[in-house]
Amino acid sequence: MPLGREIDDPGLLASGRVAVRIIRWADAEPLRRLLTDNRSWLQRWEATHPSGRSVVPGSVSMRPMIRTLRRQLRAGSGMPFVILYDGVVVGQLSVSEISGGALQSSQLGYWVSEHVAGRGVTTTAVALVIDHLFSALGLHRVEVCIRPENDPSLRVVEKLGLRREGRRESYIHIDGAWRDHDVFVALRSDASAGYVARVSRD
12 MPLGREIDDP
22 GLLASGRVAV
32 RIIRWADAEP
42 LRRLLTDNRS
52 WLQRWEATHP
62 SGRSVVPGSV
72 SMRPMIRTLR
82 RQLRAGSGMP
92 FVILYDGVVV
102 GQLSVSEISG
112 GALQSSQLGY
122 WVSEHVAGRG
132 VTTTAVALVI
142 DHLFSALGLH
152 RVEVCIRPEN
162 DPSLRVVEKL
172 GLRREGRRES
182 YIHIDGAWRD
192 HDVFVALRSD
202 ASAGYVARVS
212 RD
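Listed below in structure tokens is the structure:
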């Protein structure tokens with residue numbers, strides 16, 4: 012069950028040159044351009060519909076997507092962020108399936124533009140958000156599901172020291188087929204010093 016309340020906008024969460032903030036209407040065009048420019052870089056990892064119905068991300072207005080994501084924030088079921096590098100939008104990070112009650116958990120997914128890949132941008136953004144979910148929302152668990160072929164994403168969770176729980180077979184429809192995903196988990200009990208501190212030590 013969702014938290015049962017609207018989630019507060021945390022403002023800017025930042026560490027060094029990397030920051031995240033809640034998605035805004037003004038982000039529609041920058042995100043559309045990024046998705047268009049990074050089509051070949053991102054397509055392999057994009058969710059698709061089993062029916063074959065598809066819309067090329069970035070080919071249409073992003074405003075309906077932003078409306079849906081901000082509705083999740085009001086419902087207490089998700090937190091949609093953009094990732095900033097030197098103050099410029101370079102990607103997106105979404106927290107979904109936020110649950111209260113006895114579960115106190117969430118799922119996290121992300122993408123960044125190819126031109127900032129390999130600079131630790133995603134790792135820092137993920138650390139900032141996980142720390143916020145534990146400290147401000149009081150969640151117990153954050154889950155990241157990654158295709159076993161996605162080496163850049165695997166490096167993110169490895170740098171942060173997330174624990175691998177196993178594999179979910181045929182878990183999500185990605186790039187035209189049902190794909191296996193490996194499950195990585197952050198627990199609040201494992202993060203007394205916070206995940207940003209782990210990035211800072213590297």
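Residues are numbered in the numbering used here as their position in the sequence shown, beginning at 1, plus a constant of 11. Cβ atoms here follow ideal geometry from the backbone N, Cα and C, with glycine treated the same way.
(Q) Using only CA atoms, which one of Pro-91, Ile-18 and Ser-62 lies nearest to Gly-111? (A) Ile-18
Q | Length of the line joining the Cα atoms of Thr-134 and Val-168 | A | 8 Å
Q: Please classify Asp-201: is it buried, with 16 or more other beta-carbons within 10 angstroms of its beta-carbon, or exposed?
A: exposed
Q. Which word fits Ala-30, buried or exposed, when buried means at least 16 other C-beta atoms lie within 10 angstroms of its C-beta?
A. buried
Q. Once you ignore the five residues that flank Gln-118 on each side, which residues in its own chain have a CB closer than 8 Å to its CB?
A. Val-106, Ser-107, Glu-108, Val-153, Glu-154, Val-155 and Cys-156
(Q) Just to confirm before moving on: does the CB-CB distance between Pro-61 and His-184 stay below 8 Å? (A) yes
Q) By Cβ distance, which residues of its chain are closer than 7 Å to Gly-172, with the 5 residues on each side in sequence left out? A) Arg-209
Q | Reduced DSSP secondary structure (H/G/I, E/B, other) of Gln-103 | A | When DSSP states are grouped into helix, strand and coil, Gln-103 belongs to the strand group.
Q: Counting only the same chain and skipping the five closest in sequence on each side, list residues whose C-beta sits under 8 Å from that of Tyr-159.
A: The question names Tyr, but residue 159 is Pro in the sequence shown. So the list reads Leu-165, Arg-178, Asp-191, His-192 and Asp-193, once near-sequence residues are dropped.
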